Amino acid sequence: MDDIFELLKGKQGESDYENKGVIVQGITGSYGSLHAGKMLEYGTNIVAGVTPGKGGQTWNESIPIYNTMKEAVDATNAKISIIFVPAKFFLGAAKDALEAGIKLLVAIPEHVPIRDTMETLELAKQKGAIVIGPNTPGIMIPELIKIGIMPPMPFKAGKIAVLSKSGTLLYEISDALTNAGFGQSITIGIGGDPVNGTRLIDAFDMVKDIPDLEGMVVVGEIGGDSEEMLAQKIIDSGFNKPTVAYIAGRAAPKEKRMGHAGAIVMGTYGSAESKVSMFNKANIPVAKRPAEVPVLLAGKMEKSD
Amino acid sequence: MQLLEFQAKELFREYGINLLDSISSTNIEEGRKHAKKLGYPFVIKIQVPVGGRGKAGGIQKCQNDDEFEIKYPQVMDLTIKGEKARAILLEKMADIKKELYLSIFLNRSKRCYTIIASAEGGVEIESVKNQIIKEIGLGEVSDELAKEVAKEMGLEGKHAEGVADTLKKLSKLTIEKEAELVEINPLAIMQDDTIMALDGKFVTDDNSNFRHPELEKYQEKTAIEEQAEKSGFSLVELDGDIAVVGNGAGLVMSTLDMLSDNGGKPACFLDVGGGATTESVYEALTLISKLDRVKGILVNLYGGIVKTTVVAEAFLKAYEDNLIDLPVFARLKGTESEKAKEMLQNSKTKIFDSVEEAINSAVMGVK
Chain U
0 MDDIFELLKG
10 KQGESDYENK
20 GVIVQGITGS
30 YGSLHAGKML
40 EYGTNIVAGV
50 TPGKGGQTWN
60 ESIPIYNTMK
70 EAVDATNAKI
80 SIIFVPAKFF
90 LGAAKDALEA
100 GIKLLVAIPE
110 HVPIRDTMET
120 LELAKQKGAI
130 VIGPNTPGIM
140 IPELIKIGIM
150 PPMPFKAGKI
160 AVLSKSGTLL
170 YEISDALTNA
180 GFGQSITIGI
190 GGDPVNGTRL
200 IDAFDMVKDI
210 PDLEGMVVVG
220 EIGGDSEEML
230 AQKIIDSGFN
240 KPTVAYIAGR
250 AAPKEKRMGH
260 AGAIVMGTYG
270 SAESKVSMFN
280 KANIPVAKRP
290 AEVPVLLAGK
300 MEKSD
Chain H
0 MQLLEFQAKE
10 LFREYGINLL
20 DSISSTNIEE
30 GRKHAKKLGY
40 PFVIKIQVPV
50 GGRGKAGGIQ
60 KCQNDDEFEI
70 KYPQVMDLTI
80 KGEKARAILL
90 EKMADIKKEL
100 YLSIFLNRSK
110 RCYTIIASAE
120 GGVEIESVKN
130 QIIKEIGLGE
140 VSDELAKEVA
150 KEMGLEGKHA
160 EGVADTLKKL
170 SKLTIEKEAE
180 LVEINPLAIM
190 QDDTIMALDG
200 KFVTDDNSNF
210 RHPELEKYQE
220 KTAIEEQAEK
230 SGFSLVELDG
240 DIAVVGNGAG
250 LVMSTLDMLS
260 DNGGKPACFL
270 DVGGGATTES
280 VYEALTLISK
290 LDRVKGILVN
300 LYGGIVKTTV
310 VAEAFLKAYE
320 DNLIDLPVFA
330 RLKGTESEKA
340 KEMLQNSKTK
350 IFDSVEEAIN
360 SAVMGVK
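Residue numbers (numbering that gives the first Met the number 0), protein chains in the order written: chain U, 0 to 304; chain H, 0 to 366.
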């Protein structure tokens with residue numbers, strides 16, 4: 000599997016270093032079109048759009064549209080794609096992208112059937128590609144590249160990695176971090192679905208060896224066991240950069256789905272208590288509220304100095 | 000969505016899994032007819048979409064008409080984990096030799112279907128001992144694997160064959176209907192050595208509903224939930240008195256947590272969603288206005304995709320139409336929040352800079 004930073008910005012000395020091409024699938028839809036514009040504004044190098052049946056046209060009078068991902072990849076050599084098609088059509092779009100050689104697939108759609116996600120992941124594994132999402136706000140290196148739907152205001156370049164299951168909490172907590180002087184080296188929204196292309200532990204693997212990483216923030220929520228797995232991995236790997244967590248959903252009733260498909264507690268499975276206790280075991284403080292995250296992080300950093 | 004036991008059993012029957020005779024009813028007149036048809040003794044089972052029915056008195060043995068007249072209404076009146084009875088299932092009494100456990104579920108972390116089986120069943124999954132766990136990918140269970148599971152459960156001969164057969168049918172059902180979880184607990188070995196599903200649990204993947212029109216009849220939503228779904232937001236009713244409105248499931252959950260920490264009681268979880276419009280937020284406020292227990296509204300917005308002005312407009316319209324006459328405590332941040340604050344300046348909405356202040360005022364305000 001390729002290194003995420005290399006995929007997002009390339010190797011130093013490459014002709015398109017810090018300027019990687021991105022293809023937008025579903026660029027002519029209202030959502031795709033809106034966010035293609037916002038990504039362009041942010042500085043993301045959008046090189047092509049794909050909408051079956053609209054090949055040969057251009058989007059925004061500048062970006063060529065292709066009928067298939069194969070044509071788009073052949074023409075642009077891009078390795079990154081972001082998908083904005085309705086959930087029903089996600090599997091087809093994802094297969095099209097992976098077969099065409101895409102190495103980083105950012106899957107925005109919400110309500111993708113789980114089986115379709117799993118089929119996508121099987122194919123991605125064969126092809127050695129990274130899938131972020133579905134139901135993700137996206138991934139970004141602040142002030143360099145944004146592949147997603149996140150607003151730009153909360154984020155600032157820096158040295159903290161933020162991994163999050165929740166979209167709005169990713170914004171909220173990054174905002175709190177930025178205000179406290181903690182910029183972000185990378186932020187990854189893994190998505191609120193039960194099955195994620197990139198799990199928290201995978202996201203951790205992607206960022207743990209960043210050379211100038213100064214700390215990590217994990218934003219979790221009830222449901223599943225990905226926070227517990229991550230805590231165990233942090234214990235096992237001996238990762239010792241200052242890390243702080245936040246878990247949403249302590250007050251949520253059991254057996255009720257709280258908005259996200261994945262946010263549901265069954266029995267003790269997926270409860271906030273279980274996640275908090277595992278993070279405590281890993282010596283990772285868990286903030287009670289988003290505003291507490293930078294405070295705890297600063298405390299951790301002082302100790303590690 | 001979790002189906003009721005009798006609905007899960009309808010699917011089990013369709014796939015040839017052995018079941019006792021049973022009939023469901025929604026009132027006692029219907030129940031009496033079914034009792035006659037089924038014949039005593041039988042078991043009265045409450046139909047609610049949550050577990051723990053037995054402990055709560057929702058499963059009762061019934062020997063004769065007199066018992067039936069007492070127990071049917073008793074069970075019908077129960078509320079279990081906040082859920083009222085949707086129906087009552089009458090089921091023939093079982094002559095059980097041994098109880099087993101069998102389920103197939105979608106393993107989030109391994110990203111594949113996984114079997115859990117045990118030679119000890121009849122209790123909740125957390126207390127099922129000696130679990131046999133097999134990851135099975137995305138396809139159906141093979142003959143070999145089914146036999147292996149039965150063997151590992153310590154079964155032999157007819158019992159092993161019966162369980163392997165049940166497991167294969169269960170896996171076909173799981174795959175074809177795209178279930179997140181299918182569980183038989185207990186799966187019983189009867190005195191006559193047949194294998195019988197005594198209870199059934201089935202959780203659908205609602206995102207795949209468009210491929211399964213045949214499951215539509217099982218969809219059960221409150222009027223409010225249905226309206227919420229139509230308008231593109233997500234709403235969970237809770238039993239407190241402060242309605243919590245926000246954007247993004249994580250942020251709304253986080254607001255619920257902070258509100259509870261500060262002594263407030265949430266009346267609902269309302270995520271206006273990424274595609275919120277003035278109309279959809281107005282719809283949401285209409286729903287909230289119908290919840291009698293609500294004494295105040297707490298709004299926590301981080302405008303990214305959603306413009307905070309969209310929400311402000313909806314509130315102004317709601318005031319204009321006399322839709323809401325409740326105190327509103329709002330924290331607005333992000334896209335166009337300065338403009339939104341200005342819009343709401345002279346309205347009944349109190350604006351706060353931090354979510355903490357908004358929460359504290361809301362808690363004080365509804366007392």
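Even for Gly, the Cβ is constructed at its ideal location relative to N, Cα and C. Being a predicted model, the structure only gives us computed values, none of them experimental.
### Query
Does DSSP put H/D270 in a helix, in a strand, or in coil?
strand
### Message
So the candidates are U/Y30, U/S29, U/F154 and U/S61; which of them puts its Cα closest to the Cα of U/K44?
### Response
In the sequence as displayed, the identity of residue 44 of chain U is Asn instead of Lys. When each option's Cα is compared against that of U/N44, the closest is U/S61.
### Query
With distances taken between CB atoms, is the gap from U/V49 to U/Q24 smaller than 7 Å?
yes
### Simplified DSSP assignment, three categories, for H/P72
helix
#### Entry: Cβ separation of U/L212 and U/S184, assumed to be a contact under 8 Å, to the nearest whole Å
6 Å
### Query
Considering only C-alpha positions, which residue in the set U/I172, U/H110, U/A230 and U/L199 is nearest to H/L354?
Residue 354 of chain H is actually Val in this sequence, not Leu. Residue U/I172 is the option with its Cα nearest to H/V354.
### Message
Using a Cβ-Cβ cutoff of 9 Å, what residues of the stretch 120-135 of chain U are near chain H? List them in chain order.
### Response
L120 and E121
### Query
Can you name the residues of chain U whose CB is closer than 9 Å to the CB of H/V309?
By Cβ distance, chain U contributes nothing, its closest Cβ being about 14 Å from H/V309, past 9 Å.
### Query
Within this structure, are the beta carbons of H/L3 and H/R85 separated by less than 7 Å?
yes
### Task
Tell me where the beta strand (DSSP E) around H/R330 begins and ends.
V327 to G333
### Buried versus exposed call for U/L33 [16 or more other C-beta atoms within 10 Å across all chains shown]
exposed
### Query
At a Cβ threshold of 7 Å, is U/K255 touching chain H?
yes
### Message
Quick check: U/M215 and U/I3, are their CB atoms within less than 7 Å of each other?
### Response
no
### Task
Closer than 8 Å by C-beta to U/M149: which residues in its own chain qualify, once you throw out the five before and the five after it? Chain order, please.
P136, G137, M139, G166, L169, Y170, T186 and G188
### Query
In terms of alpha-carbon separation, which member of U/S29, U/I26 and U/K8 lies closest to U/K19?
U/K8
### Query
Any idea if U/Q56 is buried or exposed, counting beta-carbon neighbours within 10 angstroms, 16 or more meaning buried?
exposed
### Task
Take the Cβ of U/P293 as the centre, count every other Cβ of all protein chains shown within 10 Å, and call the residue buried at 16 or more, exposed below.
buried
### Query
Does the Cβ-Cβ distance between H/T307 and H/S346 come in under 7 Å?
no
### Query
Taking any Cβ of chain B, which residues in the stretch 101-134 of chain H have a Cβ under 8 Å from it, in chain order?
The structure shown contains no chain B; its protein chains are U and H.
### Query
Can you tell me the Cα-Cα spacing of H/F41 and H/K289, whole angstroms?
42 Å
### Query
Counting only beta-carbon atoms, is H/M252 nearer than 7 Å to chain U?
yes
### Message
Within 10 Å of its beta-carbon, does H/T193 have 16 or more other beta-carbons around it, so buried, or fewer, so exposed?
### Response
exposed
### Task
May I ask you to list, following chain order, the residues of the stretch 198-231 of chain H that have a beta carbon less than 8 Å from some beta carbon of chain U?
D204, D205, N206, S207, F209 and R210
### Query
If you measure from the beta carbon of H/N299 to each beta carbon in chain U, is any gap under 7 Å?
no
### Message
Quick check on H/V305: does DSSP put it in helix, strand or coil?
### Response
coil
### Query
Would H/E177 count as contacting chain U if we go by Cβ distances under 7 Å?
yes
### As assigned by DSSP and simplified to three states, the class of U/E272
helix
### Task
For H/S279, I'd like the list of residues in its chain whose CB is within less than 7 Å of its CB, leaving aside the five on either flank, ordered along the chain.
S230, G231, F232 and V271
### Task
Please determine, among H/I223, H/L197 and H/S360, the residue with the shortest C-alpha to C-alpha distance to H/G121.
H/L197
### Task
Ignore the nearest five residues each way along the sequence and tell me which others in H/S102's own chain have a CB closer than 6 Å to its CB.
I115 and E182
### Query
By a C-beta neighbour count over all protein chains shown, 10 Å radius and 16 as the cutoff for buried, is H/G302 buried or exposed?
buried
### Message
So H/P265 contacts chain U; which residues on that side make the cut at Cβ distance below 9 Å?
### Response
A250
### Message
Using the Cβ count rule (16 or more neighbours within 10 Å means buried), how would you classify H/Y71?
### Response
buried
### Query
For H/V235, which residues in chain U fall below 9 Å Cβ to Cβ?
A251, P252, K255, R256, M257 and G258
### Task
Indicate the three-state DSSP secondary structure (helix, strand or coil) for U/I234 in the structure shown.
helix
### Query
Taking just the CA atoms, how far does H/K35 sit from U/I246?
53 Å
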